[in-house]
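Below is one structure, written out as structure tokens; the observations come after it.
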Amino acid sequence: MKINVIGGGPAGLYFAILMKKASASHQIKIYERNGPDDTFGWGVVFSGKTLANLRAADEISHAEITKQFKAWDNVDVVHWNTKVSIHGNSFSGIARLQLLKILQRRAEQLGVEIEFRTEIHDIESLRKDCDLLVAADGVNSTVRLRYAEQFQPELDLRTNRYIWYGTHQLFHGLTLTFRENAAGVFAAHSYKFNPTTSTFIVECDPQTWANAGFEQMSADDTLSYVGDVFAEDLKGHKLLSNNSKWINFLLVKNGNWWFENVVLLGDALHTAHFSIGSGTKLAMEDAIALAETFQQTTDVSGALAQFAETRRPVIEDYQAAAFESMRWFENASQYTHLSPIELAFVLMTRSGRVSYDDLKRRDPQFIGRYERRGSF
Ligand SMILES: Cc1cc2nc3c(=O)[nH]c(=O)nc-3n(C[C@H](O)[C@H](O)[C@H](O)COP(=O)(O)OP(=O)(O)OC[C@H]3O[C@@H](n4cnc5c(N)ncnc54)[C@H](O)[C@@H]3O)c2cc1C
Numbered sequence: 026m027k028i029n030v031i032g033g034g035p036a037g038l039y040f041a042i043l044m045k046k047a048s049a050s051h052q053i054k055i056y057e058r059n060g061p062d063d064t065f066g067w068g069v070v071f072s073g074k075t076l077a078n079l080r081a082a083d084e085i086s087h088a089e090i091t092k093q094f095k096a097w098d099n100v101d102v103v104h105w106n107t108k109v110s111i112h113g114n115s116f117s118g119i120a121r122l123q124l125l126k127i128l129q130r131r132a133e134q135l136g137v138e139i140e141f142r143t144e145i146h147d148i149e150s151l152r153k154d155c156d157l158l159v160a161a162d163g164v165n166s167t168v169r170l171r172y173a174e175q176f177q178p179e180l181d182l183r184t185n186r187y188i189w190y191g192t193h194q195l196f197h198g199l200t201l202t203f204r205e206n207a208a209g210v211f212a213a214h215s216y217k218f219n220p221t222t223s224t225f226i227v228e229c230d231p232q233t234w235a236n237a238g239f240e241q242m243s244a245d246d247t248l249s250y251v252g253d254v255f256a257e258d259l260k261g262h263k264l265l266s267n268n269s270k271w272i273n274f275l276l277v278k279n280g281n282w283w284f285e286n287v288v289l290l291g292d293a294l295h296t297a298h299f300s301i302g303s304g305t306k307l308a309m310e311d312a313i314a315l316a317e318t319f320q321q322t323t324d325v326s327g328a329l330a331q332f333a334e335t336r337r338p339v340i341e342d343y344q345a346a347a348f349e350s351m352r353w354f355e356n357a358s359q360y361t362h363l364s365p366i367e368l369a370f371v372l373m374t375r376s377g378r379v380s381y382d383d384l385k386r387r388d389p390q391f392i393g394r395y396e397r398r399g400s401f
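Below, the structure is given as structure tokens:
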């Protein structure tokens with residue numbers, strides 16, 4: 026089969042790897058507008074369950090990925106300058122760039138052709154030139170836009186703003202920090218992803234953003250303003266920018282996932298709010314699901330229909346949980362009157378996927394503290 030892939034992010038690369046691994050006779054070409062070492066952002070997070078899925082799909086890249094991993098079991102909630110730790114959660118972090126390098130190497134070893142620094146504008150020609158066109162071109166997918174009539178996308182630009190920084194202050198565990206100043210409430214999502222660096226994502230509601238005056242502020246002033254808000258947490262370390270800008274989260278859904286020989290994959294197909302840390306996981310698990318359907322049939326429309334049928338309920342379930350989590354952060358200022366232990370409890374149960382009983386099983390000490398909270 027001749028397969029063209031637009032986008033060399035986790036979805037496109039991983040799908041190419043799995044297809045080529047299944048049959049060396051597939052002719053697969055990935056078109057990526059960036060160079061092999063360019064990337065946005067810092068680290069990404071995987072759960073223990075995702076790692077098991079990656080191992081089952083491709084042991085070689087799994088071994089490389091886990092060699093680089095920083096693993097932890099705690100979520101820390103910082104509020105009123107008090108840290109509450111909740112244990113029994115299994116997460117790992119890796120630099121996005123490192124992950125992409127591992128996947129690029131593996132794809133090239135298997136014989137996938139990657140054309141870097143090639144931005145695709147003429148999508149229709151590329152589509153006509155192959156049996157299958159995979160649109161793994163990210164959240165602002167041009168393929169989705171080009172065939173909007175066929176895909177029926179539903180795009181919802183949310184009101185909260187967020188910015189993705191790094192820092193050399195190390196946060197050992199997924200740390201959710203709340204700080205308030207005269208402008209309003211700021212929340213930081215941070216975690217270490219290599220021995221020297223942590224991701225540090227900051228979000229706030231539109232009112233707080235306007236009050237702080239970010240609209241008129243330069244990138245340097247923004248960095249130092251946000252650094253001041255979290256000065257207690259950064260302990261003298263600076264925030265690091267990677268061309269970091271405030272953005273609004275874009276919630277993506279599509280009425281149709283495929284037509285004729287074109288299929289959307291990863292962020293182009295769906296997004297889930299970063300507070301449940303699932304974007305890369307979902308992108309790679311999409312790739313697994315799509316590659317699996319091609320094991321059962323080589324009929325392209327049959328495989329794409331089957332992919333949409335089996336994968337859609339899984340994605341809808343995730344998006345529903347991520348929506349609750351996103352709404353929680355959009356309304357974070359309504360919860361900051363709670364004590365640290367109470368805030369930690371409502372945060373842990375915000376998406377509806379983790380119950381009181383789950384927490385009791387994972388970390389009985391935390392639930393014990395929560396039960397005795399009157400005395401704290
Ligand atoms: C603030 C923030 C925090 C996040 N945190 C996490 C996290 O903790 N854990 C997690 O799992 N995920 C996280 N994510 C999400 C994650 O980054 C994405 O969900 C994931 O990268 C999606 O993979 P993808 O392959 O679908 O798309 P991308 O990684 O976006 O890849 C798409 C690729 O397509 C290329 N491209 C686009 N258009 C064209 C074109 N016309 N021609 C050629 N190339 C093109 C782009 O250059 C890009 O390389 C986070 C995202 C954000 C914004």
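Numbering-wise (the numbering used here), the sequence shown opens with residue 26 and increments by one. Backbone N, C-alpha and C fix where the C-beta goes; we use that ideal spot for every residue, glycine too.
Worksheet entry | Distance cut-off 7 angstroms: I145 Cβ against heavy atoms of ligand 1 | yes
Worksheet item: At what residues does the alpha helix (DSSP H) containing A370 begin and finish?
Response: Sequence inspection shows Phe at residue 370; the Ala mentioned does not correspond to that position. Run containing F370: P365 to M373, per the alpha helix (DSSP H) assignment.
Worksheet item: Run through DSSP, which three-state label would S115 get?
Response: coil
Worksheet item: Is the beta carbon of N279 less than 8 angstroms from the beta carbon of F176?
Response: yes
Worksheet entry | Which listed residue (F94, L372, L265 and S243) has its alpha carbon closest to that of I226 | L265
Worksheet item: Using the rule of at least 16 other Cβ atoms within 10 Å of the residue's Cβ for burial, across every protein chain shown, is F401 buried or exposed?
Response: At F401 the pLDDT is 47, less than 50, meaning the model places this residue with poor confidence; the figure from the coordinates comes in the next sentence. That one is exposed.
Item to complete: Mind checking which residues open and close the alpha helix (DSSP H) that includes W353?
Response: V325 to E355
Discussion item. Please classify H51 as buried or exposed, where buried requires at least 16 other C-beta atoms within 10 Å of its C-beta.
Written reply: buried
Fill in: C-alpha distance - R394 paired with I366, whole-angstrom precision
8 angstroms
Worksheet item: Rounded to a whole number of angstroms, what is the C-alpha to C-alpha distance between T335 and V325?
Response: 15 angstroms
Fill in: Boundaries of the alpha helix (DSSP H) in which K153 is found, first to last residue
I148 to K153
Discussion item. Considering just the uninterrupted stretch of the alpha helix (DSSP H) at Y250, what are its terminal residues?
Written reply: A244 to V254
Worksheet item: Under 8 angstroms between the Cβ atoms of I139 and Q129?
Response: yes
Worksheet item: Helix, strand or coil for Y381 per DSSP?
Response: helix
Fill in: Proximity test, T374 beta-carbon vs ligand 1 heavy atom, cut-off 7 angstroms
no
Worksheet item: Where do the N-terminal and C-terminal ends of the alpha helix (DSSP H) with D311 fall, by residue?
Response: G304 to Q321
Item to complete: Kindly give me the distance between the Cβ atoms of S72 and K306, rounded to whole angstroms, as I take these residues to be in contact under 8 angstroms.
Response: 7 angstroms
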